[in-house]
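Chains as they are written, first to last, in the working numbering: chain A, 10 to 161; chain B, 84 to 294.
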């Protein structure tokens, strides 16, 4: 499959009507939350980005959380980064775990660290921190020296 | 605008079994309350120690016991992080702590020493405590590296125990990030010295006593 970055950008633009920035082999798409699963599905099935590389989030303080994920087409060397703003105070985001099995644990980690609640995730629990942990440590408003008796 | 460094609010460590040094020492040399045989033997040893001239017998016996103890300290193989690489190097042929009688042993139930080599995370701390509890008395702990000593570079991280002495009582702290095998070996020799002073009867030596 010979999907170039410019080709992928054009197809995303004509399908979803969103701008897709091209930088070398990397395409960056910023989508609203409603198009998140549709775009991931399109990328995975049509553009052939079957490798789910990673998923994470960014805390923009009063502007809310932003979820970032990267899908890759290893045959064509195409790298696609998807970003979506959840909006201030919003923690819900559609899950990609039904699309890629690789998204399962990445979304659990994202929930663990940022408190993003992925809707439709089969098993959204904490993955790295202990079950009785309070708060989400990678949020900007998390106090680093929060007591955790007796260890801290 | 003045930029201030963050002032961390670190609460004092919460001890679970001991509050101060005396209690710590007591905890260290304590045995099970229903251990009648050991109680009897300790009573006999104490009686001999307080007989006129009896201290010669007890101190000599203790010296022999301590010589045996310090010549066969078996550390439990317990590697947590990058310090464990240096610990393995210490155990291996180049530095070879086996010439001091330290055989790395893969069971806490046969071990005398736990070398806490690396960062102790809050999730790992209960397991560390459990391994320490499984070791038979008398037992010693060497805290190896900055992370185990105080939390090190991760001290203000969200998941790191600020020093392993919040979980188990520590005998020797080895500084370094990570400590070289030489440093760890020096710490182990210091521990041997400390074990040589281990006493059950009579006046215990303190740190201020002349050697």
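Ideal Cβ positions, reconstructed from N, Cα and C, are used throughout, including at glycine.
Beta carbon proximity, residue i to chain A, threshold 8 Å
| i | result |
| --- | --- |
| residue 140 (chain B) | no |
| residue 215 (chain B) | no |
| residue 241 (chain B) | yes |
| residue 224 (chain B) | no |
| residue 253 (chain B) | no |
| residue 180 (chain B) | no |
| residue 177 (chain B) | no |
| residue 186 (chain B) | no |
| residue 250 (chain B) | yes |
| residue 257 (chain B) | no |
| residue 244 (chain B) | yes |
Outcome for residue i when other beta-carbon atoms lying within 10 angstroms are tallied against a minimum of 16
| i | result |
| --- | --- |
| residue 155 (chain A) | exposed |
| residue 134 (chain A) | exposed |
| residue 105 (chain A) | buried |
| residue 105 (chain B) | At residue 105 (chain B) the pLDDT is 49, less than 50, meaning the model places this residue with poor confidence; the figure from the coordinates comes in the next sentence. Burial call: exposed. |
| residue 26 (chain A) | exposed |
| residue 181 (chain B) | exposed |
| residue 23 (chain A) | exposed |
| residue 21 (chain A) | buried |
| residue 121 (chain A) | buried |
| residue 229 (chain B) | buried |
| residue 56 (chain A) | buried |
| residue 264 (chain B) | buried |
| residue 80 (chain B) | Examination of residue 80 (chain B) is not possible in this model, given that chain B is present from 84 through 294 alone. |
| residue 118 (chain A) | buried |
| residue 36 (chain A) | buried |
Cβ-Cβ distance between residue i and residue j below 8 Å
| i | j | result |
| --- | --- | --- |
| residue 206 (chain B) | residue 138 (chain A) | yes |
| residue 151 (chain B) | residue 141 (chain B) | no |
| residue 38 (chain A) | residue 49 (chain A) | no |
| residue 214 (chain B) | residue 227 (chain B) | no |
| residue 101 (chain A) | residue 128 (chain A) | yes |
| residue 202 (chain B) | residue 237 (chain B) | yes |
| residue 149 (chain B) | residue 279 (chain B) | yes |
| residue 17 (chain A) | residue 108 (chain A) | no |
| residue 12 (chain A) | residue 112 (chain A) | no |
| residue 46 (chain A) | residue 89 (chain A) | no |
| residue 80 (chain A) | residue 58 (chain A) | yes |
| residue 73 (chain A) | residue 97 (chain A) | yes |
| residue 219 (chain B) | residue 187 (chain B) | no |
| residue 195 (chain B) | residue 139 (chain B) | no |
| residue 270 (chain B) | residue 225 (chain B) | yes |
| residue 190 (chain B) | residue 162 (chain B) | no |
| residue 75 (chain A) | residue 94 (chain A) | yes |
| residue 262 (chain B) | residue 165 (chain B) | no |
| residue 183 (chain B) | residue 221 (chain B) | no |
| residue 277 (chain B) | residue 248 (chain B) | no |
| residue 267 (chain B) | residue 169 (chain B) | yes |
| residue 34 (chain A) | residue 14 (chain A) | yes |
Residue of the options minimising C-alpha distance to residue i
| i | options | result |
| --- | --- | --- |
| residue 136 (chain A) | A:31, A:47 and A:114 | A:114 |
| residue 141 (chain A) | A:94, A:14, A:20 and A:157 | A:157 |
| residue 65 (chain A) | A:116, A:86, A:82 and A:55 | A:116 |
| residue 250 (chain B) | B:212, B:169 and B:262 | B:212 |
| residue 6 (chain A) | B:240, B:275 and B:264 | No answer is possible for residue 6 (chain A): it lies beyond the span of chain A, which begins at 10 and ends at 161. |
| residue 257 (chain B) | B:217, B:145, B:136 and B:274 | B:274 |
| residue 69 (chain A) | A:62, A:63 and A:77 | A:77 |
| residue 99 (chain A) | A:71, A:118, A:121 and A:110 | A:71 |
| residue 61 (chain A) | A:132, A:143, A:119 and A:83 | A:83 |
| residue 244 (chain B) | B:231, B:252, B:255 and B:264 | B:231 |
| residue 252 (chain B) | B:216, B:120 and B:122 | B:216 |
| residue 40 (chain A) | A:14, A:103 and A:32 | A:103 |
| residue 192 (chain B) | B:171, B:160 and B:135 | B:160 |
| residue 204 (chain B) | A:160, A:67, A:19 and A:36 | A:160 |
Min CB distance residue i to chain B below 8 Å
| i | result |
| --- | --- |
| residue 4 (chain A) | The question about residue 4 (chain A) has no answer, for chain A in this structure spans 10 to 161. |
| residue 25 (chain A) | no |
| residue 61 (chain A) | no |
| residue 154 (chain A) | yes |
| residue 157 (chain A) | yes |
(request) Could you list the residues in the stretch 197 to 222 of chain B with a C-beta less than 7 Å from some C-beta on chain A, going in chain order? (result) Residues passing the 7 Å Cβ filter: 205, 206 and 208.
(request) With 9 Å as the limit, tell me which residues of the stretch 117 to 150 of chain A have their beta carbon closer than that to any beta carbon of chain B; keep them in chain order. (result) Of all residues in the stretch 117 to 150 of chain A, only 137, 138, 139, 142, 144, 146 and 147 come within less than 9 Å of chain B when Cβ atoms are compared, listed by chain position.
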